[in-house]
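I have placed the structure first, in the form of structure tokens, so that the comments after it can refer back to it.
Next comes the structure, spelled out in structure tokens:
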């Protein structure tokens with residue numbers, strides 16, 4: 218076809234090449250080049266929207282004025298926390314997650330509660346009838362949310378010009394295609410072109426744009442890496458279809474912290490915010506069982522109590538099993554080696570199963586001591602009291618290392634009705650403990666913790 222050429226794009230970084238190469242010359246990844254057909258450009262334009270060349274003027278750092286960015290508050294406080302306080306005008310947000318995890322539901326139930334601005338919801342996957350059925354299930358009617366089912370970028374721009382929305386939603390970016398390119402929707406060039414055009418619209422109009430994206434089987438966002446560089450914030454909506462909890466994490470955020478976490482519960486009428494996750498992640502029972510320990514963990518600036526469950530049994534087959542859910546399996550093997558070397562417990566010939574209740578995935582090293590306590594509780598078949606919680610990082614020599622935000626962890630345990638907490642020795646240096654109504658036990662070694670819990 219005249220005016221069409223074949224170009225090779227890198228799936229990882231979006232680099233362009235005139236021929237296939239085994240290794241991308243830009244990012245160095247192997248076997249990431251894909252073939253696409255694009256229209257040849259007649260010439261490079263150096264003019265902006267006004268018809269004249271856009272020339273920037275260098276400005277000294279001291280002359281640049283700064284001010285707090287005004288935020289658009291979303292109805293969901295959990296979403297506001299992850300975003301850093303709300304949506305920034307002119308920002309472009311990318312929300313990714315597995316199919317059916319609730320990305321569209323999360324966005325839809327938020328925008329249906331916004332009455333102060335006109336919202337345009339562009340759907341490239343579902344029909345308007347399907348979206349209306351979801352809105353009826355959520356139970357939030359709205360007259361200021363407009364739904365359009367469209368996949369052409371040019372047509373979407375016409376709808377934007379006509380409606381003049383105060384917030385734009387695109388579900389999903391992989392289904393949108395520009396007529397200026399010959400490649401199909403979802404290709405590297407299409408995703409990059411459509412995201413760049415929407416970014417330009419957001420910055421020039423100061424209208425926030427929320428993009429919903431697919432992820433690959435590896436858990437990464439589909440499309441080139443340049444998509445994540447274009448947007449201002451990347452949010453991952455995580456969860457397990459077998460559990461009711463959903464986690465919203467910020468992977469990238471130019472306007473806030475990336476260590477924040479939002480927790481939702483999937484209900485019949487949509488997603489419900491979990492304001493106090495500690496109460497929901499703990500089992501409320503009067504019977505004390507072995508192999509259960511309560512740990513205090515941190516996600517961002519939030520602290521909450523989680524239940525660590527362990528089961529140790531005699532290996533029925535020749536090779537002992539090691540099974541872990543919600544915790545790093547390599548770290549558990551390290552902790553088992555510490556127990557055998559430093560505390561004298563022989564677990565090499567036993568099966569060890571570990572689970573973090575509620576389907577959560579914990580990366581906080583302060584949960585180490587709770588993991589060890591749960592394993593030993595199951596091994597000797599002695600329960601840990603319900604009102605005792607544990608926090609501390611375990612080193613290779615068996616020492617208990619200090620953890621961050623210890624005061625906040627103690628306050629959370631106190632709020633949940635715990636009467637005893639085990640913490641690393643020296644973690645409360647310079648802290649006035651007279652205001653606490655909880656018994657604080659400081660320990661320095663793994664052996665001390667075991668004597669305290671199972672004496």
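Residue numbers (our numbering): 218 to 672.
We put the beta carbon where it would ideally sit given N, CA and C, even for glycine.
- Just so you know, the alpha carbons of residue 513 and residue 609 end up roughly 9 Å apart.
- For the set 661, 553 and 336, the Cα lying nearest the Cα of residue 541 is the one of 553.
- In this structure, the straight-line span from the alpha carbon of residue 241 to that of residue 324 is close to 36 Å.
- Within its own chain, the residues whose Cβ lies closer than 7 Å to the Cβ of residue 292, once the five positions on either side in sequence are excluded, are 327, 330 and 331, listed in chain order.
- Bridge partners of residue 522 according to DSSP: 513.
- Secondary structure remark: continuous alpha helix (DSSP H) runs of at least 4 residues inside the stretch 584-645, in chain order: 585-597 and 623-632.
- Excluding the 5 residues flanking it on each side, residue 423 has same chain C-beta neighbours closer than 7 Å at 306 and 307, in chain order.
- Remark: C-beta atoms of residue 533 and residue 592 do not approach each other more closely than 8 Å.
- Within the same chain, 313, 466 and 468 come within 6 Å of residue 453 by CB-CB distance, once the 5 residues on both sides are set aside.
- With a cutoff of 8 Å on beta-carbon distance, residue 667 and residue 566 are scored as not near each other.
- Per DSSP, residue 377 is one residue of the alpha helix (DSSP H) stretching across 370-380.
- Rounded to the nearest whole angstrom, the C-alpha separation of residue 318 and residue 661 is 43 Å.
- Here residue 249 is buried: its Cβ has 16 or more other Cβ atoms, across all protein chains shown, within 10 Å.
- Note on residue 348: 16 or more other CB atoms within 10 angstroms of its CB, so buried under the neighbour-count rule.
- For residue 531, the pairing in a beta bridge is given by DSSP as 567.
- Here DSSP, grouped into helix, strand and coil, assigns residue 482 to strand.
- Where residue 426 is concerned, the enclosing beta strand (DSSP E) starts and stops at 426-430.
- In the DSSP secondary-structure assignment, residue 234 is bridged to 225.
- Residue 376 and residue 366 have their alpha carbons spaced roughly 11 Å apart.
- Cβ contact annotation for residue 594 (same chain, cutoff 8 Å, sequence separation greater than five): 507, 508, 509, 510, 527, 600, 601, 670 and 671, in chain order.
- Within the same chain, 311, 313, 430, 431, 432, 444, 445 and 451 come within 8 Å of residue 438 by CB-CB distance, once the 5 residues on both sides are set aside.
- Annotated as distal: residue 496 and residue 295, with beta-carbon spacing of 8 Å or more.
- For residue 399, the closest C-alpha among the options 515, 482 and 254 is that of 254.
- Contact annotation: residue 407 and residue 389 have beta-carbon atoms that are not nearer than 8 Å.
- Between residue 657 and residue 627, the gap from beta carbon to beta carbon is short of 8 Å.
- Taking residue 302 as the centre and dropping the five residues before and after it, the same chain places the C-beta of 288 and 473 closer than 7 Å to its C-beta, in chain order.
- Membership of residue 671 in any beta strand (DSSP E) is not indicated; the residue belongs instead to the alpha helix (DSSP H) covering 663-671.
- At the C-beta level, residue 462 and residue 447 stay beyond 8 Å of one another.
- DSSP places residue 415 in the helix class (H, G or I) of the three-state scheme.
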